[in-house]
Amino acid sequence: MLSDLIFIGSIFLVFVTIYLLLFTKNATRSYADYILSFLLLVHTWSVILFLLLYSEYIFKFPHLFKTGLPTNFLIAPLSYLYVRAVLYNEKKLQYKDLIHLTPFFFIFINYLPFYGLSANEKTIIIEKSLQYWPDAYKQQAGLFPENLAILFRLILAIIYLVLQWNLLISYKKEHKENSIQLQISNVIKWLKLFTITTTAILTGLLAILFAIYFFPSYYNNDFVTQIPSFLVSGGFFAMASYLLTHQDVLSGLPFLKYKEVESIVENDKRYNLPYFNVDYSREMGMIKEYFEHEKPFLRKDLSINHVSVALNIPSRELSFIINNHFGQRFNDFLNKYRIEYITKKINRTYLSNFTMEAIANEAGFASKSSFNLAFKKFNLCTPTEYLNKKELTN
């Protein structure tokens, strides 16, 4: 089935995305990135369990059956918390936000008796569930009726989806100025796609459950059966592939500063609003002075987090300044200094004592190939061609 292939492709893209978000040396690793990574893992676990169930490989792993049901109750709250964290530059999970996790714990406790069953007992329940898919929800596994758990999940997903859309719509209404729209357009575009795919996935799940409950004969038509699956797999694939093809999202969403202002509603309350007229000239000067005098770029393992610690500038803000005020990604910014360092030194006399590879290594490049690519990018020619031109002009 094509939807299965899309699911499998999405799983691969998700793991690559999480690696880029959290484990590459230039990853900003913000609170929002951690939420997104965990959310993608939860989605992936649900997809893997669906594929195991649909292919009946679940019989080889009976203890995995029903493990995705509690985690499914994390998807809607995490999606909402992610959008909120990005829009309002939140730094960490607040204690009051733990209430969003209560449905997960409630459902987990609900299925504790089932999780304690033996593999043989679980296999019997799986066999009954797979005999006829429309009756699968009738196989009692938790303390509460299965149809109530399904209904609870749908209601929860709809509530959070409404809240998520409301966040985006309200935010855009409050910030209509062109300068603001230019600065946060990348954020809004990604969050809209994220919310649309979330809506598509929920629509697919609703269609599946609605058909199972009201039109059991629906499963006799193979073509119609695939429509909800395509919505779920397609939405999931779109989300994962967008993250991989838009490096600005992976390297950190644009940074927004916030200021505290008096509440319009209650004078004794305060709340945060975006503050966009930020003068980064001081930070830009600090960055330039650090790179020109300290020459940190000579380190092969230099990451944006190293620079962040050295300058006491949050890595997310540092990434934003380099991207938007220097007009370069961090790696290009780094390589520019390395290439300038090399071009000031190389000549025939110098190369008679050192190889080009040794010079590249001294400048912080990890390999000769990465040096050659960077050199050609900044000088539009190879090191040899550059040296010949330099000799002709001297």
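Just so you know, we're using our numbering here: the sequence shown kicks off at 1109 and counts up by one. C-beta atoms are modelled at their ideal positions from N, C-alpha and C, and glycine is treated no differently.
* By DSSP, does Ala1257 sit in helix, in strand, or in coil? -> In this structure, Ala1257 counts as helix in the three-state DSSP scheme.
* Asked: What separation, rounded to the nearest whole angstrom, lies between the Cα atoms of Leu1177 and Ile1215?
  -> Note on geometry: alpha-carbon atoms of Leu1177 and Ile1215 lie some 8 Å from one another.
* **Chain-order list of residues whose beta-carbon lies under 7 Å from that of Ile1180 (same chain, five-residue window excluded)** => Per the sequence shown, the amino acid found at residue 1180 is Asn instead of Ile. Contacts found: Ser1154 and Arg1261.
* Candidates Ser1341, Ser1475, His1414 and Ile1296, of which the one nearest Leu1195 by Cα -> Closest by alpha carbon: Ile1296.
* Is the beta carbon of Thr1125 less than 7 Å from the beta carbon of Leu1301? -> Contact flag unset, no.
* With distances taken Cα to Cα, identify the nearest neighbour of Ile1266 among Leu1310, Tyr1162, Lys1236 and Ser1477. => Closest in C-alpha terms to Ile1266, from the list Leu1310, Tyr1162, Lys1236 and Ser1477, comes Leu1310.
* Taking the C-alpha atoms as reference points, what is the distance between His1354 and Ile1119? -> Rounded to the nearest whole angstrom, the C-alpha separation of His1354 and Ile1119 is 18 Å.
* To do: Taking 7 Å as the cut-off, decide whether the C-beta atoms of Ile1412 and Phe1428 are in contact.
  => Cβ distance not < 7 Å, so Ile1412 and Phe1428 don't count as in contact.
* **Cut-off 7 Å between Cβ atoms - residues of its own chain near Lys1174, not counting five sequence neighbours on either side** => Contacts found: Tyr1219, Phe1222 and Ala1249.
* To do: Flag this pair as yes or no: are the beta carbons of Ile1430 and Glu1391 separated by less than 7 Å?
  => In this structure, Glu1391 does not lie closer than 7 Å to Ile1430 by Cβ.
* CB-CB under 7 Å to Thr1307, same chain, minus the five flanking residues each way: which ones, in chain order? -> Leu1269, listed in sequence order.
* **Selected residue, minimal CA-CA separation from Ala1227, among Pro1185, Phe1167, Trp1273 and Pro1211** => Out of Pro1185, Phe1167, Trp1273 and Pro1211, Phe1167 has the C-alpha closest to the C-alpha of Ala1227.
* Asked: Helix, strand or coil: how does DSSP classify Gln1272 here?
  -> In this structure, Gln1272 counts as helix in the three-state DSSP scheme.
* Coil, strand or helix - Lys1444 by DSSP -> In the three-state scheme derived from DSSP, where H, G and I count as helix and E and B as strand, Lys1444 is classed as helix.
* Asked: Which same chain residues, not among the five before or five after Ile1450, have their C-beta less than 6 Å away from its C-beta?
  -> Ile1467 and Ala1471, listed in sequence order.
* With 16 other CB atoms within 10 Å as the buried threshold, where does Tyr1590 fall? -> Shown here, the chain extends from 1109 to 1502; a query on residue 1590 therefore has no answer.
* What three-state label does DSSP hand Arg1192 in the structure shown? -> In the structure shown, Arg1192 sits in a helix (DSSP, three-state: H, G or I).
* Asked: Since Leu1160 contacts Leu1172 with CB under 8 Å, what's their CB separation in whole angstroms?
  -> The pair is a contact, with the Cβ atoms about 7 Å apart (cut-off 8 Å).
* Count the other C-beta atoms from every protein chain shown that fall within 10 angstroms of the C-beta of Val1417, then say buried if there are 16 or more, exposed otherwise. => By the neighbour-count rule (16 or more Cβ atoms within 10 Å), Val1417 is not buried but exposed.
* To do: Could you please give the first and the last residue of the uninterrupted alpha helix (DSSP H) stretch that includes His1401?
  => Premise fails: His1401 is in no alpha helix (DSSP H) and is neither H nor E.
* To do: For Ala1474, count neighbouring C-beta atoms within 10 Å of its own C-beta (all shown protein chains included) and say buried if the count is 16 or more, exposed if not.
  => Ala1474 sits exposed, since fewer than 16 C-beta atoms from the chains shown fall within 10 Å of its C-beta.
* Going straight from the alpha carbon of Ile1263 to that of Leu1251, what length do you get? -> Looking at the backbone, the Cα of Ile1263 and that of Leu1251 are separated by about 19 Å.
* Proximity to Lys1200 [Cα-Cα], best of Tyr1162, Ile1258, Ser1423 and Asp1141 -> The residue with the shortest Cα to Cα distance from Lys1200 is Asp1141.
* Asked: Buried or exposed: where does Ile1143 fall if 16 or more other Cβ atoms within 10 Å of its Cβ makes it buried?
  -> Taking every protein chain shown into account, the CB of Ile1143 has 16 or more other CB atoms within 10 angstroms, so this residue is buried.
* To the nearest angstrom, how far is it from the Cα of Thr1492 to the Cα of Leu1442? -> About 22 Å.
* Collapsed DSSP secondary structure at Ala1348 in the structure displayed -> Look at Ala1348 here: in three-state DSSP terms it is helix.
* To do: Return helix, strand or coil for Asn1461, following the three-state DSSP convention.
  => Coil at Asn1461, not helix or strand.
* When burial is assigned at 16 or more other CB atoms within 10 Å of the CB, is Phe1213 buried or exposed? -> Exposed.
* Between Leu1381 and Leu1147, what straight-line distance do the alpha-carbon atoms span, to the nearest angstrom? -> Residue confidence is low: Leu1381 scores 42 on pLDDT, short of 50, so the model does not pin down where it sits. Its coordinate-derived value is still stated next. In a straight line, the C-alpha of Leu1381 is about 27 Å away from that of Leu1147.
* Cα separation between Leu1361 and Arg1424? -> Confidence in Leu1361 is poor, its pLDDT being 48 and thus under 50, which makes the residue's placement unreliable; the coordinate value appears in the next sentence. If I take the Cα positions, the gap works out to 8 Å.
* Enumerate in chain order the residues of its own chain whose CB-to-CB distance from Leu1121 is below 8 Å, with the five nearest sequence positions on each side excluded. => Phe1345, Ala1348, Ser1349, Leu1351 and Leu1352, listed in sequence order.
* Residue burial classification, Gly1312 (beta-carbon count within 10 angstroms, cutoff 16) -> Label assigned to Gly1312: buried.
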